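Structure first, then comments.
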Amino acid sequence: MCLVQVHHICRMHGKPSRTSFSFTEKPNRFDGCINILKLGNIRTGCLGDNNPFLFGVATPLKKLFLCHRLFSGDNCKTLSEKTYTKRMSLLLLLTIVALQSSPAISDPFVSYSGYKVWAISPRTNEENQFLGKMSQQYGLTVLREAKFVNSSMDLVIPPTLERDLKNVMDNANIPFVVTINDLQTAIDNQNSNNDEIPNSRAAAHNMTWTNYHRLSNIYGYMSYLTTTYPNLVTLINIGISYEKRPLYVLRISNSSSPGTNPAIWIDGGIHAREWISPATVSYFIQQLVEVPANAKLLQNVDWYIMPVMNPDGYEYTFVKDRLWRKTRSLTSNPSCPGVDPNRNFGYKWGGLGTSTDPCSAVFKGTKAFSEPETIATSNYILGKSSQIKLYLTFHSYGQYALIPYGYDVVYPPDYNDMLALANKAVSKFTKYKFSVGSTAALLYAAAGGSGDWAKSIGIKYSYTFELADTGANGFTLPASQILPVGQDFFPALDVFATQVSAATTTTARVTTSKPTTKLPTTTSKKPTITPCRCTCP
């Protein structure tokens with residue numbers, strides 16, 4: 001039962017057909033319930049009994065089930081006004097408590113009006129350490145960390161701290177560049193036409209690749225494809241998120257026995273604020289399913305594609321805080337919900353680049369796979385591990401093709417195989433230049449990532465792609481760039497599909513060789529890893 005359903009049932013004034021709860025009271029007795037449901041300016045967006053989306057928003061309000069329990073078994077005609085008032089007062093109190101305990105509802109909308117983004121390139125290790133301490137001391141949001149000297153750190157600067165921070169930087173003699181003069185304006189300008197992103201359902205679908213879309217539109221498009229191309233597309237619900245949103249994977253297969261071909265897994269939206277990721281991944285779906293010229297990519301290859309692994313966080317970026325990164329689960333600190341899902345996978349969990357602090361952007365969680373999103377995803381992939389030969393996960397920003405491992409500067413024994421395929425793939429790009437290399441060596445150490453985990457379970461080819469751009473817009477990349485990003489990357493999928501089509505079970509399974517801190521020896525020239533800009537993968 002969810003808020004949408006409760007609201008819908010209250011308006012039905014009768015016994016709902018799809019729940020075991022029984023409402024027998026007369027309509028006027030539910031007016032108070034309906035009004036309470038509207039507290040906090042909740043927009044339920046009820047689309048009818050059969051709508052599978054949007055139910056997750058109600059999870060923190062489970063106590064509203066008392067809307068039924070307080071009345072169940074009573075005859076409205078016999079309820080005295082005093083009894084009715086007392087029960088409604090109790091319901092109101094419990095509802096307010098529930099609303100206040102829900103970060104998704106009680107949190108105010110975060111405006112970044114007047115906020116700036118500074119890009120700072122530390123020239124020495126001392127300057128780099130100074131910037132890290134400064135960001136912690138002032139509680140600044142770090143959009144991008146600087147691991148290397150002369151790489152870039154991107155910081156969000158509140159207007160209330162701008163003068164003080166300028167003085168700090170001047171006194172330290174560290175230069176900076178203002179890359180975004182007003183962050184809220186950049187956010188507002190991301191979508192060229194805000195009319196295209198309502199949380200609604202059209203007769204067919206509302207998806208375009210000229211704007212960023214809400215979860216319901218993405219899921220609605222996946223459902224549309226399933227109905228329109230039933231012999232090609234299967235919609236699979238692999239679990240539910242913390243806030244009870246479905247976790248959907250689309251299987252694309254032209255095989256007479258789907259699930260038997262070697263397969264490629266693609267996911268996006270692990271980090272909520274990285275909007276270009278779900279947009280690009282959904283573009284891949286459109287190209288694979290609806291463009292006949294791309295049918296060759298389906299020959300002897302199945303595709304499993306999950307556009308949004310973190311649906312709760314993704315929705316939160318639309319309605320509350322555009323820069324939210326983590327999941328939305330409750331933690332030991334009520335003021336700091338959420339876990340970084342890309343620090344929550346169960347390979348080398350809790351190592352370098354993670355935090356035990358729930359308020360940290362890289363909070364690892366209380367245990368590996370503590371989040372329903374990561375456990376559902378990992379369980380499904382494990383069930384297909386003999387089929388999946390290649391794993392792709394999409395993030396932003398920075399323009400990197402990252403190879404395991406991320407938990408430390410350690411290389412798998414077949415690193416050069418992975419490097420060669422990655423270089424071949426990025427060679428297809430014509431618009432965006434990508435750096436290729438080991439996650440920990442090229443970027444920084446980040447244990448518990450999905451890419452490392454995929455490699456650890458025997459998927460030979462595992463890559464994390466940081467999409468455009470390199471920092472000019474960062475997470476606020478305009479929607480006008482969705483198509484250029486997707487179109488530039490799509491030819492690389494042909495490279496991956498060709499490799500997977502030729503793969504065998506023997507070559508795809510992990511070897512017994514242990515990782516090494518040295519690059520694996522090869523008769524070819526060793527890859528050169530050049531330090532460059534970085535961002536949180």
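Going by full-length UniProt numbering, the sequence shown opens with residue 1, and the numbers climb by one from there.
Beta carbons: idealized from backbone N, C-alpha and C, even for Gly.
Quick caveat: nothing in here was measured; it's all calculated off a predicted structure.
Check: Pair within 7 Å by beta-carbon distance, Tyr380 and Ile459; Outcome: no
Check: Classification of Ala204 by the beta-carbon crowding that lies within 10 angstroms, buried from 16 upward; Outcome: exposed
Check: Beta-bridge partners of His395, as assigned by DSSP; Outcome: Glu466
Check: 7 Å Cβ cutoff met for Gly406 and Gly437; Outcome: no
Check: Leu297 to Leu288 span [Cα, whole Å]; Outcome: 7 Å
Check: Pro122 to Ser135 span [Cα, whole Å]; Outcome: 13 Å
Check: Coarse secondary structure for Arg144, derived from DSSP in three states; Outcome: strand
Check: Cβ-based burial, Asn416 [other Cβ within 10 Å; buried from 16]; Outcome: buried
Check: Contact under 7 Å by Cβ, Asp154 with Leu161; Outcome: no
Check: Residues of its chain near Pro404, where Cβ-Cβ distance is below 7 Å and the 5 sequence neighbours each way are ignored; Outcome: Pro412, Thr439, Gly451, Asp452, Lys455 and Ser462
Check: Chain-order list of residues whose beta-carbon lies under 6 Å from that of Gly486 (same chain, five-residue window excluded); Outcome: Thr280 and Tyr283
Check: For Phe475 and Ser360, believed in contact at Cβ under 8 Å, the rounded distance; Outcome: 18 Å between Cβ atoms; not a contact.
Check: Chain-order list of residues whose beta-carbon lies under 6 Å from that of Ser513 (same chain, five-residue window excluded); Outcome: Because the pLDDT of Ser513 is 49, which lies under 50, any placement of that residue in the model is unreliable, and the number read from its coordinates should be weighed accordingly. So the qualifying residues of the chain are Pro413.
Check: Min CB distance Thr227 to chain D below 7 Å; Outcome: Included in the structure is just one protein chain, with no chain D present.
Check: Buried or exposed by the 16-neighbour rule on C-beta atoms within 10 Å, applied to Arg43; Outcome: Below a pLDDT of 50, predicted positions are generally treated as unreliable, and Arg43, at 34, falls in that range; the measurement from the model is reported next regardless. With fewer than 16 Cβ atoms within 10 Å of its Cβ, Arg43 is classed as exposed.
Check: Residue range of the alpha helix (DSSP H) that includes Ile174; Outcome: First-last for Ile174: undefined, no H or E at that position.
Check: Backbone secondary structure at Met306 - three-state DSSP; Outcome: strand
Check: Beta-carbon contacts of Ser355 that lie in its chain and below 7 Å, excluding the five residues immediately before and after; Outcome: Val362, Phe363 and Lys364
Check: Which listed residue (Leu330, Thr124 and Ser370) has its alpha carbon closest to that of Trp349; Outcome: Ser370
Check: Contact between the region 330-346 and the region 259-267 (3+ Cβ pairs under 8 Å); Outcome: no
Check: Ala272 beta carbon less than 7 Å from that of Asn310; Outcome: yes
Check: Residues near Pro515 by beta carbon distance below 8 Å, same chain, minus five either side; Outcome: Tyr405, Val410, Tyr411, Pro412 and Pro413
Check: Thr528 to Leu467 span [Cα, whole Å]; Outcome: Here the model assigns Thr528 a pLDDT of 39, short of 50, so the residue's position is not dependable, and the following value carries that caveat. About 21 Å.
Check: Through-space distance from Asn211 to Leu477, alpha-carbon basis; Outcome: 11 Å
Check: Buried/exposed call for Ser111, threshold 16 Cβ in 10 Å; Outcome: exposed
Check: Endpoints, beta strand (DSSP E) assigned at Tyr400; Outcome: Tyr400 to Ile403
Check: Straight-line gap, Leu483 to Trp209 (C-alpha atoms, nearest Å); Outcome: 6 Å
Check: C-alpha gap between Asn344 and Ala295, whole angstroms; Outcome: 36 Å
Check: Beta-carbon proximity of Ala497 to Ala425, cut-off 7 Å; Outcome: no
Check: Cβ-based burial, Pro246 [other Cβ within 10 Å; buried from 16]; Outcome: buried
Check: Three-state class that DSSP yields for Lys424 in the structure shown; Outcome: helix
Check: Which of helix, strand or coil DSSP assigns to Ser216; Outcome: helix
Check: Closest Cα partner of Leu402 within the set Ala445, Glu373, Gly383 and Thr430; Outcome: Ala445
Check: Opening and closing residue of the beta strand (DSSP E) in which Asn237 lies; Outcome: Val233 to Ile240
Check: Element boundaries [alpha helix (DSSP H), containing Ala376]; Outcome: Pro372 to Gly383
Check: Three-way DSSP call (helix, strand, coil) for Tyr415 in this model; Outcome: helix
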